[in-house]
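Undergrad: Supplied in structure tokens, the structure appears directly below.
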Amino acid sequence: PWEKSPITHLAGVDIKHVYPPVLNKFFKVVLGTYKPKVVIVTTPNAEFNVYFPQLKYGTPEATFRIDDHKFEWTRSEFQK
């Protein structure tokens, strides 16, 4: 039965598609209310965009990899 499974709940959220104010609430609910033993968060590394010249990474004209992304963090931003 599921009660004896080492993983009882597994959910995925593409955080890059969530606006920052909603994302802040998401983490408060997950970490403050549900308090899982493990939370794994992934998102694109903005610094990798240097390999996509059309994205113009590091310039005022920089764009995201996909139009629906609400943000793309650097490693430093992700660690915060």
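In this note's numbering, the protein residues as written are 23 to 102. Note that beta-carbon positions come from the ideal geometry of N, C-alpha and C, so glycine has one too.
Among the residues of its own chain, which have a CB less than 7 Å from the CB of W95, if the five just before and after it don't count?
TA: Here the set comprises T65, A68.
Undergrad: Are the CB atoms of F74 and K38 within a distance shorter than 8 Å?
TA: No. Outside cutoff.
Undergrad: Could you tell me the boundaries of the alpha helix (DSSP H) in which P43 lies?
TA: Element bounds for P43: 42-49.
Undergrad: Count the other CB atoms, across all protein chains shown, that sit within 10 Å of the CB of N46; report buried if there are 16 or more and exposed otherwise.
TA: It is exposed - the Cβ of N46 has fewer than 16 other Cβ atoms within 10 Å.
Undergrad: With a Cβ-Cβ cutoff of 8 Å, do V52 and P58 count as a contact?
TA: Yes, the Cβ-Cβ distance between V52 and P58 is below 8 Å.
Undergrad: In angstroms, rounded to a whole number, what distance separates the CA positions of T55 and K102?
TA: Computed Cα separation, rounded: 21 Å.
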